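Enquirer: To start, I am sharing the structure in question, which I have written as structure tokens.
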Amino acid sequence: MLSFRFSLINLLRQKRRTLITSMTLIVGLIAVNLFQGYQSDTVESLAETAAYGEMLGHLGVMKEGADTKGKIDEITYMFDGPELAKTLAVIRQDPDVALAAARMNLSGLVSNGKNSIIFLAVAMDPAVLQDFQEKFDWRGEGQPLVAGDLTEGQVAKGLAEIMEVDTGEFLTLFSTTVKNQMNAVDVQVKATYPTGSTATNDKFMIIPLALGQKLYRTEGAHQISVVLKDGVKLSEAKARLEAQLEQLDGMPLEVKTFRDMSAFFKGVEDIYNMIFGFLFLIVLVVVLMGVFNTMTMAAMERVREIGMLRALGMTPNRIRRLFGMEGLVLGLVAGILATLGSAGIAHLINISNITYTPPGISGAVQLYIAMVPGKWIGNMIFLALLAGVVSIFPAQVAIRCQVVDALRHS
Amino acid sequence: MIDNSSHPRARLKGISKSYGEGSACQEVLHAIDLDLPEGSLTLLEGPSGSGKSTVLNILGLLDRPDQGEIEIDGRIIGQWAERKLANLRNEEIGFIFQSADLIPRMTALENIRLPLDIRGVARKEANSQVREILDKLNMAELASQPPEKLSGGQRQRVAVARALVTRPKLLIADEPTSSLDGDNARQTASAIQSLCHELGTAVILATHDARLREFADRILHLEDGKLTPDTVTDAAGTA
Ligand SMILES: Nc1ncnc2c1ncn2[C@@H]1O[C@H](COP(=O)(O)OP(=O)(O)OP(=O)(O)O)[C@@H](O)[C@H]1O
Ligand SMILES: [Mg+2]
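Same order as they appear, the protein sequences are chains A and B.
Residue numbers for the first sequence follow the numbering used here, beginning at -19 and rising by one.
Residue numbers for the second sequence follow the numbering used here, beginning at 5 and rising by one.
Shown next, in the form of structure tokens:
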């Protein structure tokens, strides 16, 4: 192909300039790629945290309005015992569902006999909790809840400090039942652990479902956490589950993803997306200005040569294509190098085990760059195409004039 | 004199061209008429600045006249779009300039093939046409050389090959030999002459070089914006 041949010749003509422009492109693209890999890993692990650490599962099934009106009228928007059993049965028939478990979101006062303070608790089947918690390194004192536990609880480290309790000691939980009467249950502190978020570290607790149900005097729960099998697509599974749940007449339900349920996850994801967009924009502007500048210089130097090509019968569009192709080739070659470079640097960062402590997180995290080849190749192609497009404009200097004026250029 | 049976390959009628504006305006060509017949070599002489290049550029559709009509192979060129002009140049006109203006790093073969590539001729077919013209010019051994490795005379002969590989109806040569020494100048002019006779190309060649007169079928003189036949040598040209 003629324009490809020309691209190579012309790019090699000014090696230094081509090298410098390529470097801008490569450095810019690597910065974008690394950030994207970092973002991808962070969001990925946040998703894990939301699904398992926050015990939300991938999907949550609740009565319609539970998230809004249910905040005031808690009882109406809870499943009662029979409703819970029926709903669980439907969900468990879905072949994509790995696990479905009832979950209670409790609140009330916790007391050590001397003082009391507000607590929040999640109550779930300890067998499921065990499954969830085994996905993370245990960082607390004592042992996390396991199948069979009935009256033991895991208490957030901050809350345990305020209540001045150690493992093995007891706390009393006070709350109102579904019939609006006061009730209290004792819980033995089996473990204290950092929740990972300063917002919950001083009030959070995890207890067995049975204990929660005893406190509220119910057989029901607030919602059902659904864990999907590996490789199942979130949006598709959600749609299918919604359809299947329609068969439960007279009980309008809604299905939410962990993205919707975890405000923290959503917030962090939004911020990352914004930072990424901003970074990409800056890199794009810098890189494209570099390419434009290079191609403008190239066009100025080549006015006479282009005059010759026009004399030989090359049409203006063909000449524009010549320049576009040159920018595209430059962008692609630099892009391929940048993509390989990104993989290399990401690997180096990952094996050198750098750790840092992000805000709002009560523990060090490893700086990890996920390899996202699909996205990286997308970035490369996008940038190369734009490099091609901006390269078309400088050709105008040699096209606008009469051929004879182009030929007179030296 | 000119062979009357051949119709003109190119024709200028009442062409005028000025440069500059207002008091600085200078009329270079004043109502020029010119016919270029098939298979004949016309030499265009005239003092420096007389407008030889201007005539050639207008004839080659590289520049537009202020007034007058250009006719190439029976077609009248009006206010054609650049794309249409480019296609016509590619199809029917060959150019040789003072400097060869070859594309660096491309081999002689690739340089000569350029107009065929632009035309969209298939690679194999184009290569064989290039080889044919290289053979005619006795420079087959230069095919794989880039211009950087060629002498001035060789480069200019590559430019001749590039101009003629498309078998143009009209060849425009603006001082094609002025950067060459005597021998190279004669070789180049001779190559142009023999190819144009063989292909039936109408050639117009602007030069200061009196040695090229022997190759001419006709000599024209340009001065003060007007074109006149060269009375002294006109008869010799048809010998
Ligand atoms: N683009 C231009 N702008 C202004 N004046 C021009 C331009 N091109 C040519 N001229 C003027 O027109 C006149 C004719 O120029 P042209 O190049 O056609 O002469 P020429 O006969 O080819 O000269 P030479 O023998 O030196 O090549 C000259 O006086 C030149 O200065
Ligand atoms: Mg001239």
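Even for Gly, the Cβ is constructed at its ideal location relative to N, Cα and C.
Source: prediction; values computed, not measured.
What residue range does the beta strand (DSSP E) around A/Val207 cover?
Expert: Segment 203 to 208, the beta strand (DSSP E) holding A/Val207.
Enquirer: Assuming A/Tyr252 is part of the beta strand (DSSP E), what are its boundary residues?
Expert: Element bounds for A/Tyr252: not the beta strand (DSSP E) but the alpha helix (DSSP H), 243 to 281.
Enquirer: Can you tell me where the alpha helix (DSSP H) with A/Glu54 in it begins and where it stops?
Expert: Neither: A/Glu54 is in no alpha helix (DSSP H) and is coded neither H nor E.
Enquirer: Could you confirm whether any beta carbon from chain A is found closer than 8 Å to the beta carbon of B/Phe219?
Expert: No, no contact with chain A.
Enquirer: Spatial neighbours of A/Ala386 within its chain, please: CB distance less than 7 Å, with the 5 preceding and 5 following residues excluded, ordered by chain position.
Expert: Closer than 7 Å at the Cβ level, and outside the excluded window around A/Ala386, lie Val283, Arg284, Ile286, Gly287, Arg290, Ala378.
Enquirer: Distance cutoff 8 Å, beta carbons only. Does B/Ala240 sit that close to anything in chain A?
Expert: Bear in mind that a pLDDT of 44 at B/Ala240, under 50, signals an unreliable position, so the number given afterwards is only what the model happens to contain. No, no contact with chain A.
Enquirer: Tell me which same chain residues have a C-beta within less than 8 Å of the C-beta of B/Phe159, skipping the five on either side of it?
Expert: Note that residue 159 of chain B is Arg in the sequence shown, not Phe. Only Ala104, Leu106, Pro151 meet the Cβ criterion.
Enquirer: Leaving aside the five residues before and after B/Lys21 along the sequence, list all residues of the same chain whose C-beta is less than 7 Å from its C-beta, in chain order.
Expert: Excluding positions up to five away in sequence, the list reads Val32, Leu33, Thr58, Ile62, Pro69, Asp70.
Enquirer: How long is the line joining the alpha carbons of A/Thr274 and A/Asn181, rounded to whole angstroms?
Expert: Approximately 56 Å, taken between the alpha carbons.
Enquirer: Looking at ligand 1, does it come within less than 7 Å of A/Val283, judged from the CB to the closest heavy atom?
Expert: Because no heavy atom of ligand 1 lies under 7 Å away, the Cβ of A/Val283 does not count as near it: no.
Enquirer: Select from the region 288 to 315 of chain A all residues with a C-beta closer than 8 Å to any C-beta belonging to chain B, and list them in chain order.
Expert: Cβ contacts with chain B: Met288, Leu289, Arg290, Ala291, Leu292, Gly293, Met294, Thr295, Pro296, Asn297, Arg298.
Enquirer: Do the CB positions of A/Ile186 and A/Leu86 come within less than 8 Å of each other?
Expert: No, Cβ-Cβ distance for A/Ile186 and A/Leu86 is not below 8 Å.
Enquirer: Is it the case that the Cβ atoms of A/Val265 and A/Ala11 are separated by a distance below 8 Å?
Expert: Contact flag unset, no.
Enquirer: Would you call A/Ala314 buried or exposed, if buried means 16 or more other Cβ atoms sit within 10 Å of its Cβ?
Expert: Per the 10 Å Cβ criterion, buried.
Enquirer: State yes or no: is the beta carbon of B/Asp70 nearer than 8 Å to at least one beta carbon in chain A?
Expert: Not one chain A Cβ lies under 8 Å of B/Asp70.
Enquirer: Examine ligand 1 and report whether any of its heavy atoms sits within less than 7 Å of the Cβ of B/Ser183.
Expert: B/Ser183: no, Cβ never under 7 Å from ligand 1.
Enquirer: For the pair the region 365 to 373 of chain A and the region 300 to 315 of chain A, tell me if three or more CB-CB distances fall below 8 Å.
Expert: Result yes; three or more Cβ-Cβ pairs closer than 8 Å.
Enquirer: Please return the same chain residues whose Cβ sits closer than 8 Å to the Cβ of B/Ala240, not counting the five positions on each side in sequence.
Expert: In this predicted model, B/Ala240 has a pLDDT of only 44, less than 50, meaning its place in the structure is not dependable enough to derive any value.
Enquirer: Taking only beta-carbon atoms, is A/Leu(-18) less than 8 Å away from chain B?
Expert: Cβ-Cβ to chain B under 8 Å: yes for A/Leu(-18).
Enquirer: Please tell me whether A/Ile286 has its Cβ less than 8 Å away from any Cβ of chain B.
Expert: No, its Cβ sits nowhere closer than 8 Å to a Cβ of chain B.
Enquirer: Could you name the residues, in chain order, whose CB is less than 7 Å away from a heavy atom belonging to ligand 2?
Expert: Residues with a Cβ closer than 7 Å to any heavy atom of ligand 2, in chain order: B/Lys56, B/Ser57, B/Asp178, B/Glu179, B/Ala210.
Enquirer: Nearest CA to the CA of A/Val235: which residue from A/Arg220, A/Glu249, A/Val248, A/Phe245?
Expert: Among A/Arg220, A/Glu249, A/Val248, A/Phe245, the Cα nearest to that of A/Val235 is on A/Arg220.
Enquirer: Are the C-beta atoms of A/Ile(-11) and some chain B residue less than 8 Å apart?
Expert: So yes, A/Ile(-11) belongs to the interface.
Enquirer: What do you reckon, are the CB atoms on A/Val147 and A/Ala171 nearer than 8 Å?
Expert: The sequence as given places Thr at residue 147 of chain A; Val does not occur at that position. The answer is yes: Cβ separation under 8 Å.
Enquirer: Since A/Ser(-17) contacts A/Arg301 with CB under 8 Å, what's their CB separation in whole angstroms?
Expert: With a Cβ gap of about 5 Å, A/Ser(-17) and A/Arg301 count as contacting.
Enquirer: What did DSSP end up calling A/Leu(-9) once you bin it into helix, strand or coil?
Expert: Residue state, collapsed to three classes: helix.
Enquirer: Is A/Val383 near ligand 3, judged by its Cβ being under 7 Å from some heavy atom?
Expert: The ligand content of the structure shown is limited to ligand 1 and ligand 2, which means ligand 3 is not among them.
Enquirer: In chain A, which residues lie less than 9 Å from B/Asn188 when you measure between Cβ atoms?
Expert: Those within 9 Å of B/Asn188 in chain A number zero; the least Cβ separation is about 21 Å.
Enquirer: Identify the residues that DSSP records as bridge partners of A/Phe154: which are they?
Expert: The partner list for A/Phe154 (beta bridge, DSSP) reads A/Leu89, A/Ala164.
Enquirer: Is it the case that the CB of B/Ser54 approaches a heavy atom of ligand 1 more closely than 7 Å?
Expert: Checking the Cβ of B/Ser54 against ligand 1 gives yes.
Enquirer: From this set, B/Ala90, B/Leu203, B/Ala177, which residue's C-alpha is nearest B/Val169's C-alpha?
Expert: The shortest Cα separation from B/Val169 among B/Ala90, B/Leu203, B/Ala177 belongs to B/Leu203.
Enquirer: Can you list the residues of chain A that B/Arg109 reaches, using a CB-CB cut of under 8 Å?
Expert: Per Cβ cutoff of 8 Å: Ile(-11), Leu(-8), Arg(-7).
Enquirer: Between which two residues does the beta strand (DSSP E) carrying B/Ser22 extend?
Expert: From DSSP, the beta strand (DSSP E) with B/Ser22 extends over 12 to 23.
Enquirer: Nearest to A/Ile372 by CA position, among A/Phe303, A/Gly128, A/Ile55, A/Tyr336, is which residue?
Expert: Among A/Phe303, A/Gly128, A/Ile55, A/Tyr336, the Cα nearest to that of A/Ile372 is on A/Phe303.
Enquirer: Quick one: which chain B residues come within Cβ less than 8 Å of A/Gln382?
Expert: Chain B residues near A/Gln382: Leu66, Asp67, Arg68.
Enquirer: DSSP three-state label for A/Val309, please.
Expert: Looking at A/Val309 - three-state DSSP - the assignment turns out to be helix.
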